[in-house]
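Colleague:
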Amino acid sequence: MMKFMLLSLLTGFMLLSALRFPQPVENRSVKNPFGILADKTENKAIGIATTIRVAKDLGVPYVRTRIWLNKWNGKCIPCEAITAAGLKIILNINAGAPVNGPVPFPTDITAYKKTVREILTKYKPALVSIENEEDNPLYHTGTAEDYINELKAGTEIAHQMGIKVSNGGITSALVAMLTYQDMIQHGRTNEADIFARKIFPDYKVRNLAKIISNNEKIRFATSVLEAIKSSDVDYINFHWYTPGRGLKGADISTKTDVNVLDDITAFLKKSTGKPVITTEIGQLAPSPVIVTNLLQKTSELNMDFVIWYSGDGGDGKAIALQNADGSLRENGKAFKNFIHYTISNSQKH
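If you want it as structure tokens, here you go:
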């Protein structure tokens with residue numbers, strides 16, 4: 343009887359531990375690919391000092407920041423602070439800040455290369471992303487060809503400096519539509535329907551074929567993917583949020599299946615031949631389970647860079663890992679636990 347009780351207690355403890363702490367991912371490097379992009383929290387700006395403190399508390403090696411070319415004055419204070427703190431920079435090089443509307447992609451490529459060279463001579467990021475969300479019309483104007491020329495020019499200079507390069511990041515809804523379209527084109531109709539229902543609001547699922555059929559962003563992104571395939575760009579980069587935007591009511595809790603990332607990353611890799619990364623991934627609902635599941639999935643996919651967006655975007659938008667004072671919320675604690683039990687413990691063995 344005593345043996346049975348001890349065995350039952352031991353079994354219960356093991357099950358509890360498995361639920362509380364993420365299990366180490368098998369067959370992957372123990373490198374830590376995670377980082378953060380900290381943004382406004384509780385309607386308060388998060389300075390670089392707080393960002394660094396949050397990154398160290400979470401146990402991540404990377405912090406994402408950006409330089410606007412039209413405001414470049416030879417100095418990037420966040421870059422210097424990140425490096426001084428012993429962390430590594432994920433750097434967006436953007437043509438300009440879309441404060442008064444979208445900014446054109448650079449067309450003076452000679453001047454562009456000169457400025458990028460100045461930046462990368464002074465700062466040595468782990469990764470350069472050319473622009474932020476190149477398909478986002480709120481940020482950019484210009485053609486796919488304009489962006490492709492910029493991307494190739496930035497890649498040329500970065501590679502001369504020994505620095506890896508990615509595109510700016512194809513946005514969540516667009517990369518999902520591209521994946522859905524590819525499934526349809528290859529006769530995987532049932533899979534495509536199941537995939538779409540895991541992501542989009544039901545009303546959009548019903549009209550998805552029509553939405554895709556005459557979509558300029560689809561054409562833009564397709565051109566960019568084709569260009570990346572034949573370019574020297576190191577990574578194909580996409581941005582992702584769970585659950586998808588525009589969901590209401592029950593959809594918020596039901597459309598959080600992170601396994602859709604298997605299909606999305608497979609599509610991106612097939613389309614470009616490049617390793618897949620995400621320099622912006624986050625949650626639109628506050629559940630700590632979403633954090634753990636997304637981190638687990640990106641670990642299984644063995645991405646080289648996974649940068650978490652940690653800012654508050656308002657109702658139905660992004661949820662930060664931290665409070666305005668830099669202390670971790672429950673979802674932030676789930677993030678920290680994942681890093682500790684999945685990455686840090688593995689590195690000790």
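Residue numbers (the working numbering): 343 to 691.
Beta carbons are placed, not taken as given, at the ideal position from N, Cα and C, and that holds for glycine.
Remember, it's a predicted structure, so these values are computed and weren't measured experimentally.
From the DSSP output, which residues share a beta bridge with Asn434?
Modeller: Bridge partners of Asn434: Arg408 and Ser471.
Colleague: Skipping 5 residues on each side, what residues in its chain have a beta carbon closer than 8 angstroms to that of Gly615?
Modeller: Answer for Gly615: Lys571, listed in chain order.
Colleague: Where does the unbroken beta strand (DSSP E) through Val507 begin, and where does it stop?
Modeller: Val507 -> beta strand (DSSP E) spans Lys506 to Asn509.
Colleague: Ignore the nearest five residues each way along the sequence and tell me which others in Lys668's own chain have a CB closer than 7 angstroms to its CB.
Modeller: Going by the sequence as given, residue 668 is Gly instead of Lys. For Gly668, where only same-chain residues beyond five positions count, the Cβ hits under 7 angstroms are Thr392, Arg395 and Val396.
Colleague: Is DSSP giving Asn579 helix, strand or coil here?
Modeller: It is a strand residue.
Colleague: What does DSSP give as the partner residues of His482 in its beta bridges?
Modeller: Its beta-bridge partners are Val445.
Colleague: Considering only their Cβ atoms, is the gap separating Ile451 from Asn491 smaller than 8 angstroms?
Modeller: A contact, by the Cβ cut-off of 8 angstroms.
Colleague: Ser652: beta carbon under 7 angstroms from a heavy atom of the ligand SAH?
Modeller: Ligands in the displayed structure: none, and consequently the ligand SAH is not present.
Colleague: For Glu476, count neighbouring Cβ atoms within 10 angstroms of its own Cβ and tell me buried if that reaches 16, exposed if not.
Modeller: Counting Cβ neighbours within 10 Å, Glu476 comes out buried, since at least 16 surround it.
Colleague: Distance check for Lys456 and His682, CA to CA, integer angstroms please.
Modeller: Spanning the two alpha carbons is a distance of roughly 42 angstroms.
Colleague: My parser needs the beta strand (DSSP E) runs of 3 or more residues fully inside the region 628–654; what are they?
Modeller: Within the region 628–654, the complete beta strand (DSSP E) runs of at least 3 residues are 648–652.
Colleague: Hey, how far is the Cα of Asn679 from the Cα of Val648?
Modeller: If I take the Cα positions, the gap works out to 16 angstroms.
Colleague: Residues bridged to Glu622 by DSSP?
Modeller: For Glu622, which the question treats as bridged, DSSP gives the partners His581.
Colleague: Between the region 597–612 and the region 533–552, can you find at least three pairs of beta-carbon atoms closer than 8 angstroms?
Modeller: Yes, the region 533–552 touches the region 597–612.
Colleague: DSSP on Gly496, reduced to helix/strand/coil?
Modeller: In this structure, Gly496 counts as helix in the three-state DSSP scheme.
Colleague: Is the CB-CB distance between Thr407 and Gln664 below 8 angstroms?
Modeller: Their beta carbons are not under 8 angstroms apart, which means Thr407 does not touch Gln664 by this criterion.
Colleague: Using a Cβ-Cβ cut-off of 7 angstroms (strictly less than) and excluding sequence neighbours within five positions of Val575, which residues of its own chain qualify?
Modeller: Cβ within range, chain order: Leu493, Thr497, Val507, Ser508, Asn509 and Lys616.
Colleague: Do Ile431 and Ala380 have their CB atoms nearer than 8 angstroms?
Modeller: For Ile431 and Ala380, no; Cβs fall outside 8 angstroms.
Colleague: With a threshold of 6 angstroms on Cβ separation, who are the neighbours of Ile606 within its own chain once the five nearest residues in sequence on each side are excluded?
Modeller: For Ile606, where only same-chain residues beyond five positions count, the Cβ hits under 6 angstroms are Val517 and Thr521.
Colleague: Where does Thr620 land, buried or exposed, given buried means 16+ other C-beta within 10 angstroms?
Modeller: That one is buried.
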